[in-house]
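Protein chains in written order, with the working numbering: chain A, 1 to 446; chain B, 1001 to 1446.
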């Protein structure tokens, strides 16, 4: 009888694992259980679906169950794994459409249960018009309200990357947006000087930004009418909670699978948990930080896909390793873009790493080529060894993907002096003769 | 008395050397002699000036003589160094405006005499309407003819990077363009499969491409009327010769300065020539190839600037090294872009390096995000060690700057497996969840 790989969770990490496992070892039976109605959708596209840039929520689906089946992978949607029985090597699955619970034995397992939005126990949090955005159906609920034309004022709670993307998403609907952020800056993972460039841009576009203020609660009858924050009652027809996510680890925890210091599932380089034949991938799993070597929880679509491939390969007898993450992030807010990779200045401070900073503002094209825009690059590097620790960029959104060159340099362990010697591509429409990355590196080594 | 640095040639390499020397050691007197009327102009912008994207030729000037003088650098334009007297440590300069020749002693010298367009002895090559494009005044001559409205048909001789850029430059003038290329492909430094993608695009845009045909001569009275190539007489009201350039080394050669195997001036990592206190930089100088370690001649604006900084630093007693080049090139042809870095497949064949290729075509954005375009990535890597040897990209012009990530990986000596692990930036407007670079790397390691 064929061996069976069970994959718990069918979004990025789970479907990557399943697909890679089947390609690695086609003799294995591969089964995905997903509690929601969709598998393999691009969750990162949800803000753009809300915005209207993407027409239908179905457009976000990368692969349909039919496509997995054609590849020999069985997919059960609306099927939640309720119990993970490690002793017996079985999962207990509740198929909600049939209302039936069945048990399935496995020879290997991948836990890819993802993450869920943080929703603190704010008074009034269950009022209508208060949303989180994690699934296509949640996106649809938000978009329907926007399409009704009744949403004039929205409050985005949490000014992180998703919060900033939501400012873009709400703009074309003619909604007045207020962002409420508990910390003293938006985009908390970035350094404040860089985040402030984004805040200033959003303010120029009419977004109100309230930092240093926690939400105290929501007021309204059936629907939300006001957000109480910073001693103020902010009128709101809609609220988006984008405070962050936490890993979905209940299933794993109950089964005795070890969590790491971040609260996510601890995993080896091979994406093994502490239990034999049980692997993990995606937003429920911890990763190693490439610079610090420490476990971190930075849930991202790219990481989920990479982890999934590794978990899927190893689960069916292959051999692959996941080297970790730099926390590379990129975002677009209307015409502005931002990106970061590696450690920030405040990360260095927090860890007591002796560091220096080179920060420059330049043009993103030759000065004489039309359409050039300002771009700010910040490099953080070790004060003694010169080794690059991280980079951040804010500029026109078409220019910030150059963060990738910094990410590769970090992976390779280059010094800022090495980085200043890179043979980066130049022609007037693409960059000044000194790419802004090199201008920053030259500032460091001058 | 202050020591004097004389810089021969005032475009990219020369002005970089002068500026860096003055910053490194302000006590030195720094003098630039430039035979043309302009210093410090962006030669790479000339096609865009011809196109009309850039209004005035003066817009191409990066810094005017006045700005150098304010920095304490003396600039003489229309001043050609005719003799380099190494024994006496003097240069003899012909100041063409005054019609005077003077001699200037130096304590250190930077030769940055650049390159000149190759113009083979074609019959009829001196007819009107036949142009090279290397200086602002040459650009102006071309643009004036285009503005006259009399140019209906143009022939671009040489289908290299500049030739392809000229296809874009001529397009908005409503000119029928034929490219004549001696070799069997356009863009000879790239692999043919990648260059053919560009050729196909240009043909779709109405450019006629004639490969494998050398020019035999030009016909006409005072102005060119026909180009004879491949046994055909191609009607032409204008001809652009973009066959390539060769280094301007006459001055150096006469002074006994050693040339390298490429015919350009041989230089150490510190940009020293074989003669003490004489340095070189820019399009007249040879560079070391970072992958092969061999001397190469790949004249580019970025390289000239980097070499200039190193030559300028060392000439006045500082200490800097130029680590070499990967031959990273990027170009735009209307909406298409292309880029390359490191070795191509045919470079590997020529050198007998055992290699493998991974070539993929993907989308440059998430499949559901509007405006995505096809992008083709080709990676060449060592068949035994897996070490990356080079990369080439063809896609929408806004997507090809990602070649920089490959360039950094090459500098760092990463394997293609390492490269597949890069934490590159992802959000739907910027890339699919697997960046096309990673898709190519995954293809290699699958």
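No residue lacks a Cβ here, since even glycine has one placed at the ideal position from N, Cα and C. Nothing here was measured: the structure is a model prediction, and the numbers come from that model.
In its chain, beyond the 5 residues on either side, 341, 391 have a beta carbon closer than 6 Å to the beta carbon of residue 406 of chain A.
Burial check for residue 314 of chain A: the Cβ neighbour count within 10 Å reaches 16 or more, so the residue is buried. Counting along the chain, residue 395 of chain A sits inside the beta strand (DSSP E) bounded by residues 388-396. Near chain B, meaning a CB-to-CB distance below 9 Å, the residues of the region 381-410 of chain A are 397, 398, 399, 400, 401, 402, 403, 404, 405, 406, 407, 408, 409, 410.
Nearest CB-CB separation between residue 299 of chain A and chain B: not below the 7 Å threshold.
The region 416-427 of chain A and the region 1073-1088 of chain B do not touch, with fewer than 3 CB-CB distances between them shorter than 8 Å. At a cut-off of 7 Å between C-beta atoms, residue 1143 of chain B does not count as an interface residue with respect to chain A. With respect to residue 1416 of chain B, residue 1386 of chain B sits close: the two C-beta atoms are nearer than 7 Å.
Those residues of the region 1072-1092 of chain B placed with their C-beta closer than 9 Å to a C-beta in chain A do not exist. Near chain B, meaning a CB-to-CB distance below 8 Å, no residue of the region 170-201 of chain A qualifies. Around the beta carbon of residue 1119 of chain B, a 10 Å sphere encloses fewer than 16 other beta carbons of the protein chains shown; the residue is thus reported as exposed.
Counting only residues of its own chain and dropping the five nearest sequence neighbours on each side, residue 1046 of chain B has a CB closer than 6 Å to the CB of 1133, 1139. The three-state secondary structure of residue 1403 of chain B, taken from DSSP, is helix. The three-state reading of DSSP puts residue 1146 of chain B in helix, counting H, G and I together. Within chain B, the residues placing a beta-carbon under 8 Å from that of residue 59 of chain A are 1368, ordered along the chain.
Take residue 1233 of chain B, set aside five residues on each side of it, and the residues of its chain with a beta-carbon closer than 6 Å to its own are 1226, in chain order. Take residue 291 of chain A, set aside five residues on each side of it, and the residues of its chain with a beta-carbon closer than 8 Å to its own are 326, 342, 343, 389, 390, 410, in chain order. For residue 336 of chain A, the nearest beta carbon of chain B is not closer than 7 Å to its own beta carbon. Within the same chain, 31 come within 6 Å of residue 74 of chain A by CB-CB distance, once the 5 residues on both sides are set aside.
Boundaries cannot be given for residue 1354 of chain B, as no beta strand (DSSP E) includes it and DSSP labels it neither H nor E. With respect to the C-alpha of residue 414 of chain A, the residue from A:382, A:108, A:251, A:363 having the closest C-alpha is A:382. For residue 326 of chain A, the closest Cβ of chain B is nearer than 7 Å.
When C-alpha distances from residue 1380 of chain B are compared across B:1181, B:1029, B:1354, B:1401, the shortest belongs to B:1354.
Within the same chain, Cβ atoms closer than 6 Å to the Cβ of residue 1003 of chain B are found at 1028, 1107, the five residues on either side in sequence being excluded.
Between residue 48 of chain A and residue 169 of chain A, the beta carbon gap of about 7 Å places them in contact (Cβ cut-off 8 Å). When the Cα atoms are used, residue 1098 of chain B and residue 1036 of chain B turn out to be separated by approximately 14 Å. For residue 247 of chain A, no alpha helix (DSSP H) segment is defined; the enclosing uninterrupted segment is the beta strand (DSSP E) at 245-247. According to the DSSP assignment, residue 4 of chain A belongs to no alpha helix (DSSP H) but to the beta strand (DSSP E) extending over 4-8.
Bridge pairing for residue 79 of chain A: A:95 [DSSP]. The beta-carbon of residue 423 of chain A is placed less than 7 Å from the nearest beta-carbon of chain B. Rounded to whole angstroms, residue 116 of chain A and residue 1190 of chain B show a C-alpha spacing of 48 Å. Distance from residue 334 of chain A to residue 205 of chain A at the Cβ level is roughly 6 Å; contact confirmed, criterion being Cβ atoms closer than 8 Å. Residue environment for residue 185 of chain A: buried (at least 16 other C-beta atoms within 10 angstroms of its C-beta). Annotation: the region 9-73 of chain A contains the following complete segments of the alpha helix (DSSP H) (minimum length 4 residues), in chain order: 12-24, 46-51, 65-70. In this structure, the CA atom of residue 67 of chain A is about 32 Å from the CA atom of residue 161 of chain A. Using beta-carbon distances, residue 1042 of chain B counts as an interface residue toward chain A, with a partner under 7 Å.
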